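J.:
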Amino acid sequence: MSIILKRTGEWDIALKIPMSKLSKKLILRITVVLGIVIVLSIVINSFFLPKYFLYQKKNKLEDLTSQLATLEFSQLLKQSELMEEEYEVTIVSASLRDTTDELNSHLMEQLNRKDITLSKFWLTDESIAKLREGGKINKIYDQTKLKSRYLVNFLPIEGYVFAIGESISHSSDTIRIVNQFNAYIWIGALLLLILLSASFVTRIVKPIAKLNETAEGISKLSFTKVDIRTGDEIESLAQSINKMSDKLKDAHHNLEQKNENLKTFIADISHELKTPLSLIQVYASGIKDGLDDGTYPDVIKQQSEAMANMINRLLELSRLQAESYTFVPINFALLLEETLESYQTAFRQQGIELEVEYDKPTKSWVMADYVKLQSVLHNFLTNAMKYTTDNRVRLLLVTKEETVDFRISNGADTEDKDKWERVWEPFFVMESSRSKKFSGTGLGLSITRTILENHQATYGLQVQEGMVEFYFSLALLRR
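Per my numbering, residue 97 is the first one in the sequence shown, and the count goes up by one each step.
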């Protein structure tokens with residue numbers, strides 16, 4: 097189903113509205129609500145409006161009667177004509193000393209002179225007796241042939257009875273005509289409302305349909321975005337979905353990257369374990385065949401220890417991924433000094449000069465895990481000592497307004513700068529020959545990266561001509 101709206105003027109707009117399930121539901125519910133309003137309006141007009149109208153008329157006459165009761169007979173006679181015009185009522189009077197027939201006749205004659213012709217109007221003996229006693233009487237005379245009713249209040253004042261009355265036309269015919277006329281209006285309004293609702297609903301449903309398409313695309317790993325500018329909550333929802341799409345895209349990319357890293361990791365560890373296992377098998381076979389020259393057990397022990405060391409490092413890396421951290425206030429400069437003390441002898445034995453520069457060491461407090469942060473320093477110092485090409489290691493600690501910055505640099509082979517971006521990967525060793533001088537598992541910087549990321553630290557490296565520098569920054573603790 098489709099609805100076409102055309103508007104004439106400076107241009108014509110043809111709006112074709114596809115009726116989706118949501119559109120049908122909304123239009124149907126709006127139509128039902130309007131239908132209920134129409135029915136209630138007709139019921140109220142037919143049953144409650146006449147009663148309410150009569151109630152208002154009674155109150156009006158009652159108020160006027162109460163005002164007249166405060167006046168003297170002479171004042172009432174003078175002001176009766178003015179009150180008739182002001183309140184649009186009829187006021188007539190007769191003496192209560194007259195007989196019943198005479199009193200009714202006098203009242204009828206006065207009403208006739210004021211163009212009030214009634215087919216039914218009569219005060220009974222009981223009513224006249226009550227008036228003579230000072231009571232008030234309210235009457236409604238139904239004029240069937242005239243299709244009206246005459247509402248009248250009888251008020252006794254100084255031996256006279258005053259009849260204050262007003263004609264009320266029968267409302268059934270009037271209400272029927274009004275309801276019929278309103279029905280035409282309601283039907284036209286209903287059709288117009290359906291058209292306007294269809295247009296309005298389309299403005300809502302169309303953006304939602306776009307959001308649905310985008311969500312389906314995201315579910316199929318097509319991280320698209322939607323451009324919706326409605327200036328309301330739907331636009332806010334679209335922006336949220338766009339942000340979600342970006343984040344899911346990044347997460348998916350990171351997951352794919354981790355999967356690739358995992359494949360590389362499995363291949364590397366297989367390679368790393370295969371070499372010592374092969375050597376162990378070869379030397380064990382040599383011992384079995386009687387080829388041992390006395391060094392075979394030492395080789396087997398050495399390779400076994402290398403495998404055990406690698407497995408321990410792997411377990412350490414795995415543990416760091418899930419292990420909880422205990423963060424406490426730490427003086428980073430003091431931690432660095434304690435760590436450097438254990439390296440003084442090693443640096444001297446290898447003839448490596450260590451240059452250390454501090455800046456405000458007493459103010460370098462950070463929130464960190466003491467043991468794990470010390471492990472980071474160990475790994476950086478060990479790598480610098482292993483790989484320096486100019487027998488110098490330079491270390492700098494700077495305390496800034498918001499952070500504590502640590503930097504360590506040494507001479508290095510920087511011809512292939514692309515390789516340096518892989519140093520954070522497990523099992524990656526810069527020296528491909530893996531000579532004894534550069535022996536290691538290639539897990540140290542992977543462990544370092546895991547610890548720094550869990551400390552929310554900024555870290556990285558800079559490669560310059562013949563020089564490499566590693567750095568990380570920790571948030572300064574406000575004391």
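In this text, a Cβ means the ideal position worked out from N, Cα and C, and glycines have one as well.
These figures come from a predicted structure and were not determined experimentally.
Name the one or two DSSP bridge partners that Met-406 has.
T.: Answer by DSSP bridge pairing: none, since Met-406 is not bridged.
J.: When the Cβ atoms of the segment 300-309 are set against those of the segment 319-327, are three or more pairs found closer than 8 Å?
T.: Because the criterion of three Cβ pairs below 8 Å is met, the segment 300-309 and the segment 319-327 touch.
J.: For Trp-461, report the span of its beta strand (DSSP E) as first-last.
T.: 461-464
J.: Report the rounded CA-to-CA distance for Phe-534 versus Asn-506, giving the unit in angstroms.
T.: Confidence at Phe-534 is low in this model, with a pLDDT of 42, below 50, so the placement of that residue is unreliable and no value is reported for it.
J.: Nearest to Arg-193 by alpha carbon, out of Pro-252, Val-185 and Leu-136?
T.: Pro-252
J.: Less than 7 Å between the C-beta atoms of Val-460 and Thr-495, yes or no?
T.: Contrary to the premise, residue 460 reads as Ser rather than Val in this sequence. Cβ atoms of Ser-460 and Thr-495: closer than 7 Å.
J.: Enumerate, from N- to C-terminal direction, the unbroken alpha helix (DSSP H) stretches of 4 or more residues contained entirely within the segment 480-567.
T.: 513-516 and 540-550
J.: Among Glu-229, Phe-258, Ile-212 and Ser-336, which has the Cα closest to the Cα of Ser-244?
T.: It is Ile-212.
J.: Please classify Ser-528 as buried or exposed, where buried requires at least 16 neighbouring CB atoms within 10 angstroms.
T.: Residue placement at Ser-528 cannot be trusted, given a pLDDT of 39 that sits under 50; what the coordinates show is reported in the next sentence. By the beta-carbon neighbour count (other beta carbons within 10 angstroms, threshold 16), Ser-528 is exposed.
J.: Just to confirm the assignment, what range does the alpha helix (DSSP H) spanning Asn-200 have?
T.: 196-209
J.: Report all residues from its chain with a CB closer than 6 Å to the CB of Val-248; omit the five preceding and five following residues, and keep chain order.
T.: Lys-235, Ala-259 and Gly-261
J.: Would you be able to state if there are at least three C-beta pairs under 8 Å between the segment 381-397 and the segment 424-433?
T.: Output reads no: the segment 381-397 does not touch the segment 424-433.
J.: For Glu-254, which of helix, strand or coil comes out of DSSP?
T.: coil
J.: So, is Arg-574 buried or exposed, given that buried needs 16 or more other C-beta atoms within 10 angstroms?
T.: exposed
J.: Less than 7 Å separating the beta-carbons of Leu-493 and Tyr-466?
T.: no
J.: DSSP on Asp-346, reduced to helix/strand/coil?
T.: Reduced to three states, the DSSP call for Asp-346 is helix.
J.: Would you kindly report the start and end of the unbroken beta strand (DSSP E) that includes Thr-186?
T.: Its beta strand (DSSP E) spans residues 186-191.
J.: Beta-carbon within less than 6 Å of Lys-210's beta-carbon, same chain only, minus the 5 sequence neighbours each way: which residues are those?
T.: Counting only Cβ-Cβ distances below 6 Å, and skipping sequence neighbours, we find Thr-186.
J.: Between Ala-285 and the rest of its own chain, which residues show a CB-CB distance below 8 Å, the 5 nearest in sequence each way excluded?
T.: Leu-130
J.: When the Cα of Thr-544 is compared with those of Glu-517, Ile-337, Met-403 and Leu-469, which residue comes out closest?
T.: Leu-469
J.: How many angstroms separate the CA atom of Lys-174 from the CA atom of His-202?
T.: 19 Å
J.: Please state whether the Cβ-Cβ distance between Ala-442 and His-551 is less than 7 Å.
T.: no
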